[in-house]
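Numbers 14 to 364, taken from my numbering, label the letters of the sequence shown in order.
Idealized CB from N, CA, C, for every residue including glycine.
Being a predicted model, the structure only gives us computed values, none of them experimental.
Here is the structure we will look at, set down as structure tokens.
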Amino acid sequence: MTQDIKHDNQQDDLLRVEGLKAYYQMAYFGVDREVRAVDGITMSIKKGEIYGIAGESSSGKTSFIKVLAAAMRPPLRIVDGSVKYNFKNGPLDIATATEKQIESVRWSHLSYIMQGSMSVLNPVRRIGKTFHDFASKPMGLTGKAFEDRVVQHLARLKLPADVLKAYPHELSGGMRQRVTIGLATVCHPEFVIADEPTTALDVVVQKEVLSLIRDIQKEMNSSVVFVTHDMSVHANVTDRVGIIYAGRLVEEGPTRQMFFTPKHPYTAHLVASLPRIGDTQQRPALEGRPPNLSDPPKGCRFHPRCPLAVDKCRTEAPPMEVVGPGHRSACWRWKDVEPLVNSAAPAGVIA
Ligand SMILES: Nc1ncnc2c1ncn2[C@@H]1O[C@H](COP(=O)(O)OP(=O)(O)OP(=O)(O)O)[C@@H](O)[C@H]1O
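Next comes the structure, spelled out in structure tokens:
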């Protein structure tokens, strides 16, 4: 059974991405160069679910969610496919929407927590002013009514009202990250996109921020797309996980199944490299490097590093196949992946 996601109830989908290709298209000294950062992704996200995206550095995660968030800028361009939201105020396809249509959903329906909180917060603007810039118009509130609502929301995030008077550099890293979560959620958006929201934080603050994101998501029943390369974060936060390798979605499924019965050798490697209780040495890294996305290998893009690769993998790109309930994999040899999986649960993952 090849492709697709049509077995799901599409009415529950808040987002449907079909055949999405988004490339960085550049010209240096008259020579055109194209980086195929997102290269044919089809997936969907339901109302109220937390979907995690994982993959190593340069695999295309950030480029993909920039497109989802309608935050891409040239040289990144959508070259094919669609990104359709089914918002309460009507459907919207990011691939064809006008700037004005995107503005009408930004923050109120679709919000984005970018990588690195300092880059979102203007260093010379007090936090209160930034809240005003982002949220006053979409919320339709000004003055005291607006401030009261923001203060209430900050209290949920365990932030005192005083932070509104502070400049970003006066806050700790954890507080700044909570402020950006506050900015992204104050308008109760239907869809929240978070790019590595906890990577720069220490483990204790990281746990706190993750449980905050989960609490707020439950309270608002919004959908969240969560990007991190840290698989243990996915294990603890997400309902489903999608693995991106070299610009393509190579596997997706319910989080538990992805950890205990992965059906792609790359996912099996990511899970196997997580520490286990009793480990005395670091687990071996995957040999080789991810491919150059301006000249990716033919066939399956993972084949040069894959322990299961056969001739067919070198010439034919595997389609996404349904491999179990809600579980898809793009691997010719998905039935042979099981022996690569260590049956012991990784530390921090409940068996
Ligand atoms: N502004 C840009 N111009 C040209 N190429 C870019 C640009 N930004 C990213 N790329 C390229 O696009 C590809 C995907 O990068 P992307 O940042 O989306 O990956 P990522 O998986 O999010 O990586 P990381 O985890 O390091 O953030 C990489 O080959 C990267 O070099």
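Inter-residue Cα distance where the pair is residue i and residue j
| i | j | result |
| --- | --- | --- |
| residue 312 | residue 331 | 7 Å |
| residue 8 | residue 170 | Missing from the structure shown is residue 8; the chain here goes from 14 to 364 and no further. |
| residue 63 | residue 251 | 5 Å |
| residue 93 | residue 35 | 7 Å |
| residue 207 | residue 243 | 14 Å |
| residue 255 | residue 265 | 4 Å |
| residue 133 | residue 143 | 9 Å |
| residue 51 | residue 89 | 10 Å |
| residue 347 | residue 276 | 5 Å |
| residue 72 | residue 161 | 42 Å |
| residue 70 | residue 302 | 10 Å |
| residue 274 | residue 193 | 35 Å |
| residue 163 | residue 344 | 48 Å |
| residue 61 | residue 87 | 31 Å |
| residue 257 | residue 263 | 6 Å |
| residue 327 | residue 278 | 15 Å |
| residue 166 | residue 126 | 16 Å |
| residue 137 | residue 235 | 32 Å |
| residue 80 | residue 350 | 32 Å |
| residue 18 | residue 59 | Note that residue 18 scores a pLDDT of 47, beneath 50, so its modelled location is shaky and nothing firm can be said. |
| residue 175 | residue 139 | 11 Å |
| residue 122 | residue 24 | 18 Å |
Any non-hydrogen atom of ligand 1 closer than 7 Å to residue i Cβ
| i | result |
| --- | --- |
| residue 44 | no |
| residue 262 | no |
| residue 61 | no |
| residue 211 | no |
| residue 104 | no |
| residue 242 | yes |
| residue 306 | yes |
| residue 236 | no |
| residue 348 | no |
| residue 88 | yes |
| residue 72 | yes |
| residue 280 | no |
| residue 301 | no |
| residue 41 | no |
| residue 124 | no |
| residue 37 | yes |
| residue 286 | no |
| residue 68 | yes |
| residue 76 | yes |
Cβ-heavy atom distance, residue i to ligand 2, below 7 Å
| i | result |
| --- | --- |
| residue 48 | Ligands in the displayed structure: ligand 1; ligand 2 is not one of them. |
Reduced DSSP category for residue i - H, G, I as helix; E, B as strand; rest coil
| i | result |
| --- | --- |
| residue 19 | No answer about residue 19 holds up, because its pLDDT of 47 lies below 50 and its placement is not dependable. |
| residue 315 | coil |
| residue 217 | helix |
| residue 193 | helix |
| residue 14 | Note that residue 14 has pLDDT 44, beneath the 50 cutoff, so the model's placement of it is unreliable and no number is given. |
| residue 133 | helix |
| residue 76 | helix |
| residue 87 | coil |
| residue 229 | helix |
| residue 308 | coil |
| residue 320 | coil |
| residue 99 | strand |
| residue 199 | coil |
| residue 224 | helix |
| residue 277 | coil |
| residue 303 | coil |
| residue 351 | helix |
| residue 140 | helix |
| residue 282 | helix |
| residue 333 | coil |
| residue 58 | strand |
| residue 171 | coil |
| residue 338 | coil |
| residue 67 | strand |
| residue 5 | Here the chain covers residues 14 to 364 and nothing more, so residue 5 does not appear. |
| residue 160 | helix |
| residue 52 | strand |
| residue 287 | coil |
Contact under 8 Å by Cβ, residue i with residue j
| i | j | result |
| --- | --- | --- |
| residue 285 | residue 268 | no |
| residue 241 | residue 67 | yes |
| residue 353 | residue 281 | yes |
| residue 211 | residue 246 | yes |
| residue 309 | residue 49 | yes |
| residue 110 | residue 91 | no |
| residue 54 | residue 261 | yes |
| residue 198 | residue 233 | yes |
| residue 318 | residue 299 | yes |
Check: Does the stretch 81 to 99 touch the stretch 23 to 43, meaning 3 or more C-beta pairs lie closer than 8 Å?
Finding: In the pairwise beta carbon analysis, the stretch 23 to 43 is classified as touching the stretch 81 to 99: at least three pairs are separated by under 8 Å.
Check: Touch check for the stretch 64 to 82 and the stretch 186 to 203: three-plus C-beta pairs under 8 Å?
Finding: The answer is no - the stretch 186 to 203 does not touch the stretch 64 to 82, with fewer than three Cβ pairs under 8 Å.
Next item on the list: Could you tell me whether the stretch 172 to 192 touches the stretch 220 to 238, where touching means 3 or more Cβ pairs closer than 8 Å?
Entry: Look at the beta carbons and you see the stretch 172 to 192 touching the stretch 220 to 238: at least three pairs across the two are nearer than 8 Å.
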